[in-house]
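Number of protein chains: 2
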Amino acid sequence: MASERAFTRGLRRFFGAARGVTIGIGDDAAVVRNAAANAVLCCDPVVEGVHFRRGDPPDLVGRKAVNRNLSDLAAMGALADWLLVSLVLPKDYPARSRQRLLRGIRSAARAGRCTVVGGDVATHRGPLVVTVTAVGHLPGRALVRSGARAGDTLHVTGPLGGSLHGHHLRFRPALREGAWLARQRAVTAAMDVSDGLLLDLATLLLASGGLGAELDAAAIPIRAAARRHARNAADALRHALGDGEDHVLLWTQRPRPRLAPGGPLAATARTPIGRVTARPGLWLVHADGRRERVAPAGFEHRLR
Amino acid sequence: MASERAFTRGLRRFFGAARGVTIGIGDDAAVVRNAAANAVLCCDPVVEGVHFRRGDPPDLVGRKAVNRNLSDLAAMGALADWLLVSLVLPKDYPARSRQRLLRGIRSAARAGRCTVVGGDVATHRGPLVVTVTAVGHLPGRALVRSGARAGDTLHVTGPLGGSLHGHHLRFRPALREGAWLARQRAVTAAMDVSDGLLLDLATLLLASGGLGAELDAAAIPIRAAARRHARNAADALRHALGDGEDHVLLWTQRPRPRLAPGGPLAATARTPIGRVTARPGLWLVHADGRRERVAPAGFEHRLR
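As given, the protein sequences belong to chains F and U, one line each in that order. Just so we're aligned: the first sequence equals residues 852 to 1155 in our numbering. Just so we're aligned: the second sequence equals residues 852 to 1155 in our numbering.
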């Protein structure tokens, strides 16, 4: 058994110091030096039974809790600076699992070049809930969801579908891609694909004033795991369009000016997967030219 | 039934606009203008069955979720700017309760002069968890836990004990008091009393290099509810010393210079409740001069 206080004192050493931290873990709140005139803020939880299963490795749970938030920063074109971590642990959560969870959080923070500066720990008779808050800054302009226009092409930074077969715990947030896209004048809108391509695309199009889109079925990049677990090509495509938790960036761009050469984008990301239309609605254009109206299916929490 | 997306769109209007918000609720992350060169960050959850009971009014639960964090900012001498709210709702949580919860969050934010700019909502088969992140700034210096010195006097901004009889849901964070104390040169350390006076005092003394303290039993301000529910005076004092969730500020100060006249402090707050000693350990000094060694009892989550 360890007391909450002894545990908190240990965390200060565990997460380490960083430039810009005036007061770190162990006081009522952290005090940090701002990296820019603006701050970019987001906060997403991961909940046992919803975002991961009880048996999933704790280090990967910690990693996902951080990276879900870093992916949101990436989608704004922001870089990460600070993290806060709220742990609500089951009463019987083993010390060893807790340490693995913390190691996962720390390694994801390091990979994202940010530092855990505070948070809280509580125990209860319920499932594990890890809530991470990320604070970042914009090195340039913000990538918003609302800037898409008819005639823009659609792009994603990586393959889609079958995330449940491991990717949802192991994805790398596209921080470099986001910051790079924010420097490209042609890019008009961007967002993180978390709830499924069709549903997130519909959200982006609605935020951009009620536009529509055509997707080229043959151009959608499909994750190998989605193909492997699919009954056929159509089923694999369906997974790519609706599974969610891909945590790639979806963005729209004008035909001109072209994106700069080089940079962190995968080669395939420069190939459009479709285009934005003035007419609302989502259409899938098959290789044989057949057009199919599709619903914005994906993952949504249902509220009463 | 409402979809998560429709709900999120409604929140933007519900929480309203504020100066300094470049991108508010509804994008991947919020973008805000920083109020100062520093930021003060904290994040605490409230969990059903731990921090409130299932039957507690949802508006008071929302209020507590915000004010727990604002009290942490207050203890640093910070002012609040932005809030993020992560809601993990039971699957059957009624729409009406959710609205009351949100109204409680909004009214506490307004009272604290800050704005909800983002967050997340998820549902699960478990208890309600509301995690608020507060982002503020320091108008002056930071009040830390580590600055107390032997010979300093001890003070609290308000009465202690019996918080469970309603105060824990209804307290007002001492933001004005904290910012005012941070301007007083005599003040050496401060902290939020959340886990019980003795336990929090022990934490402050440890952070200040392993000091001790004597508390004057007759000087401890006791909340009326603690007296009302106590068997006798000794029992009421015990509640004041250890119940926790008082969310008053505990601070230490040198004898000179005196605190400025006026300001937001209650008159009683200027009367010391004890003093810091070089010798470690906590002592209670009774009205008859009897000295009693006391353990730093209070509320701690036990971790395995």
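The beta carbon of each residue, even a glycine, is placed where N, CA and C say it ideally should be.
Shown here, valine 912 of chain F sits in a helix according to DSSP, grouped into three states.
When CB distances to chain F are screened at a threshold of 8 Å, the residues of the segment 856-885 of chain U falling below it are Arg856, Phe858, Thr873, Ile874, Gly877, Asp878, Asp879, Ala880, Ala881, Val882, Val883, Arg884 and Asn885, in chain order. About 4 Å separates the CB atoms of arginine 863 of chain F and isoleucine 876 of chain F; that is less than 8 Å, so the two are in contact. With respect to glycine 969 of chain F, leucine 1050 of chain U sits apart: the two C-beta atoms are not nearer than 7 Å. Annotation for threonine 1119 of chain U: Pro1072 place their beta carbon closer than 7 Å to its own, counting only its chain and skipping 5 residues before and after.
In the DSSP assignment, glutamate 1143 of chain U forms a beta bridge with U:Leu1135.
In the three-state scheme derived from DSSP, where H, G and I count as helix and E and B as strand, leucine 1048 of chain F is classed as helix. Separation of the CB atoms of aspartate 1003 of chain U and valine 1127 of chain U is rounded to 4 Å, and the pair is thereby assigned contact status at 8 Å.
For valine 983 of chain U and valine 936 of chain U, the gap between their C-alpha atoms comes out near 5 Å. Within chain U, Leu892 have C-beta atoms less than 7 Å from the C-beta of tryptophan 933 of chain F, given in sequence order. At least 7 Å separates the CB of valine 912 of chain U from every CB of chain F. The beta carbon of arginine 1023 of chain U does not come within 7 Å of any beta carbon belonging to chain F, so the residue lies off that interface. Put simply, the CB of glutamate 1151 of chain F is near chain U, with a gap under 7 Å to one of its CB atoms.
Contact note: valine 901 of chain U reaches chain F through Ala973 and His975, using a C-beta cutoff of 7 Å and chain order. Histidine 1006 of chain F is bridged by DSSP to F:Trp1102. The segment 1141-1151 of chain F makes contact with the segment 1081-1098 of chain F, as at least three CB pairs between them are under 8 Å. Counting along the chain, the unbroken alpha helix (DSSP H) around serine 958 of chain U starts and ends at 946-962. Beta-carbon to beta-carbon, histidine 1098 of chain F and asparagine 918 of chain F are separated by about 7 Å, close enough to satisfy the 8 Å threshold. Residue state for asparagine 889 of chain U is assigned as strand, using DSSP reduced to three classes. Taking the CA atoms as reference points, alanine 1111 of chain F sits about 27 Å from asparagine 920 of chain F.
Only residues of its own chain outside the window of five on either side were considered, and among them Gly1013 and His1016 have a CB closer than 7 Å to the CB of histidine 1080 of chain F, listed in chain order. By the CB criterion at 7 Å, isoleucine 1124 of chain U and leucine 1005 of chain U fall inside the cutoff. Among the bridge pairs identified by DSSP, alanine 931 of chain F is matched with F:Gly987. Taking 7 Å as the CB threshold, asparagine 889 of chain U lines the interface with chain F. Under DSSP, aspartate 971 of chain U shares a beta bridge with U:Ser937. For aspartate 910 of chain U and arginine 954 of chain U, the gap between their C-alpha atoms comes out near 6 Å.
Ranked by how close their Cα comes to the Cα of aspartate 1046 of chain U, the residues U:Ser922, U:Leu1116 and U:Ala1069 have U:Ser922 in first place. Burial of proline 1010 of chain F is indicated by the presence of at least 16 other C-beta atoms within 10 angstroms of its C-beta. For a Cβ distance threshold of 9 Å, residue set Cys893, Cys894 and Asp895 of chain U lies close to glycine 970 of chain F, ordered along the chain. Straight across, the Cα-Cα distance linking alanine 931 of chain F with histidine 988 of chain F is about 7 Å.
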